[in-house]
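Student: The structure's right below; bear with me while I get my questions together.
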Amino acid sequence: MVLRKVSELLQPSLLTNGSKHREIVSRFEALPSIRLSKQPASKEAAIIIPVCLVDDRVSLLYTLRSSKMRSHRGLVSFPGGMKDKTDISYEACAVRELEEETGIPKELVHVWGCGKAIVPYTGPSITPVIGSVADFSCDKLKPSSMEVEKVFTIAIEELVKPENRGHTQFRSNYSSPVFLHDTAAIWGITAFITHMFLLALLPGIYNGQLPFLRTYKSTAKPMEK
Numbered sequence: 004m005v006l007r008k009v010s011e012l013l014q015p016s017l018l019t020n021g022s023k024h025r026e027i028v029s030r031f032e033a034l035p036s037i038r039l040s041k042q043p044a045s046k047e048a049a050i051i052i053p054v055c056l057v058d059d060r061v062s063l064l065y066t067l068r069s070s071k072m073r074s075h076r077g078l079v080s081f082p083g084g085m086k087d088k089t090d091i092s093y094e095a096c097a098v099r100e101l102e103e104e105t106g107i108p109k110e111l112v113h114v115w116g117c118g119k120a121i122v123p124y125t126g127p128s129i130t131p132v133i134g135s136v137a138d139f140s141c142d143k144l145k146p147s148s149m150e151v152e153k154v155f156t157i158a159i160e161e162l163v164k165p166e167n168r169g170h171t172q173f174r175s176n177y178s179s180p181v182f183l184h185d186t187a188a189i190w191g192i193t194a195f196i197t198h199m200f201l202l203a204l205l206p207g208i209y210n211g212q213l214p215f216l217r218t219y220k221s222t223a224k225p226m227e228k
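Mapping the sequence shown onto this note's numbering, position 49 (from 1) lands on 52, and the numbers just tick up by one.
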């Protein structure tokens with residue numbers, strides 16, 4: 004039943020429906036802030052959540068970071084990077100990074116809006132931007148070999164399936180979502196942003212509750228002295 008509702012809502016027309024975009028962005032902006040550090044971030048970055056059509060299914064685009072990168076190599080991420088002096092906005096930064104990393108021309112990107120900045124434990128603050136890609140084709144991608152190992156898409160219908168979702172619990176009193184895929188597991192900030200987008204996209208349908216156990220009961224037997 005849930006997947007049927009998701010299929011009914013995720014029609015190809017979503018990518019060009021401006022009123023729907025405004026509704027989704029409004030809910031996205033209203034979500035609670037994610038601040039994992041008490042210290043203000045000294046630098047700013049932006050990422051884009053690229054919504055595209057693949058085989059008539061509304062999907063999200065991700066990148067697998069290159070092993071040549073200094074940090075976060077081999078991890079799944081959304082296209083994005085540091086905001087520089089040439090960027091007049093977070094949206095401009097995110098679209099520029101999308102083109103640099105994947106080869107998708109900025110002329111094909113329609114920005115819906117952005118959410119609240121996320122402050123991780125370390126590194127820059129990250130502002131998530133939502134945008135759709137017109138005339139998307141995997142064959143036309145020109146990923147940067149220095150930054151990207153692989154570009155791939157996942158249908159949103161697959162992301163919301165219970166068997167493709169999990170969570171990781173941290174000692175700092177919070178749980179983080181995890182999304183499972185053949186390419187690699189999606190976790191960390193990228194999973195948080197995916198989770199937030201799904202909450203805004205599918206209110207009342209996507210179950211956003213993350214379990215948290217106050218204590219873990221170990222079943223291991225004590226070592227003999």
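We treat Cβ as the ideally placed atom computed from N, Cα and C, and that holds for glycine.
In the segment 91-167, which residue ranges form an unbroken alpha helix (DSSP H) of at least 4 residues, counting only runs that do not cross its ends?
Tutor: The qualifying runs are 93-105 and 159-162.
Student: Under the rule that 16 or more other beta-carbon atoms within 10 Å means buried, what is Lys-272, buried or exposed?
Tutor: Residue 272 is absent from the model: the chain starts at 4 and stops at 228.
Student: Would Pro-43 be called buried (16 or more neighbouring beta carbons within 10 Å of its own) or exposed?
Tutor: The residue is exposed, with fewer than 16 neighbouring Cβ atoms inside 10 Å.
Student: Taking the beta strand (DSSP E) that Asn-64 falls in, what are its first and last residues?
Tutor: Going by the sequence as given, residue 64 is Leu instead of Asn. Start and end: 60-68.
Student: Leaving out five residues on either side along the sequence, give the residues of the same chain with a beta carbon under 7 angstroms from the beta carbon of Ser-147.
Tutor: Answer for Ser-147: Glu-103 and Glu-104, listed in chain order.
Student: In or out: Ile-157 buried (at least 16 other Cβ within 10 Å) or exposed?
Tutor: With 16 or more other Cβ atoms within 10 Å, it is buried.
Student: Going by DSSP in three states, Thr-171 sits in which element: helix, strand or coil?
Tutor: The answer is strand: DSSP assigns Thr-171 an E or B state.
Student: Using only alpha-carbon positions, find the residue among Val-154, His-24, Leu-18 and Asp-58 that is nearest to Thr-186.
Tutor: Per the Cα distances, Val-154.
Student: Would you call the CB atoms of Arg-7 and Val-122 closer than 7 angstroms?
Tutor: Taking 7 angstroms as the Cβ cut-off, Arg-7 and Val-122 do not qualify as a contacting pair.
Student: On the CB-based measure, 16 or more other CB atoms within 10 Å of its CB, does Ile-51 come out buried or exposed?
Tutor: Buried, since its Cβ has 16 or more Cβ neighbours within 10 Å.
Student: I'd like the list of long-range same chain contacts for Cys-96, defined as Cβ closer than 6 angstroms, with 5 residues on each side in sequence excluded.
Tutor: Contacts found: Ala-49, Lys-86 and Asp-90.
Student: In the DSSP assignment, the beta strand (DSSP E) including Ile-50 goes from what residue to what residue?
Tutor: Looking at the DSSP string, the run of the beta strand (DSSP E) that includes Ile-50 is 47-57.
Student: What's the C-alpha gap between Val-98 and Val-5?
Tutor: Taking the straight line from one Cα to the other gives about 33 angstroms.
Student: How long is the line joining the alpha carbons of Val-9 and Asp-142, rounded to whole angstroms?
Tutor: Going from the Cα of Val-9 to the Cα of Asp-142 covers about 27 angstroms.
Student: Find the nearest neighbour of Ile-129 within the set Ser-45, Ile-27 and Ser-29, judged by alpha-carbon distance.
Tutor: Cα-wise, what sits closest to Ile-129 is Ser-45.
Student: Pick from Gly-118, Leu-101 and Lys-119: whose alpha carbon is nearest that of Val-112?
Tutor: Minimum Cα distance to Val-112 is reached at Leu-101.
Student: Going by DSSP, what residues sit across from Met-199 in a beta bridge?
Tutor: Bridge partners of Met-199: none, in fact.
Student: If I follow the unbroken alpha helix (DSSP H) through Gly-21, where does it start and stop?
Tutor: From DSSP, the alpha helix (DSSP H) with Gly-21 extends over 21-33.
Student: Could you please give the first and the last residue of the uninterrupted beta strand (DSSP E) stretch that includes Gly-84?
Tutor: Looking at the DSSP string, the run of the beta strand (DSSP E) that includes Gly-84 is 83-85.
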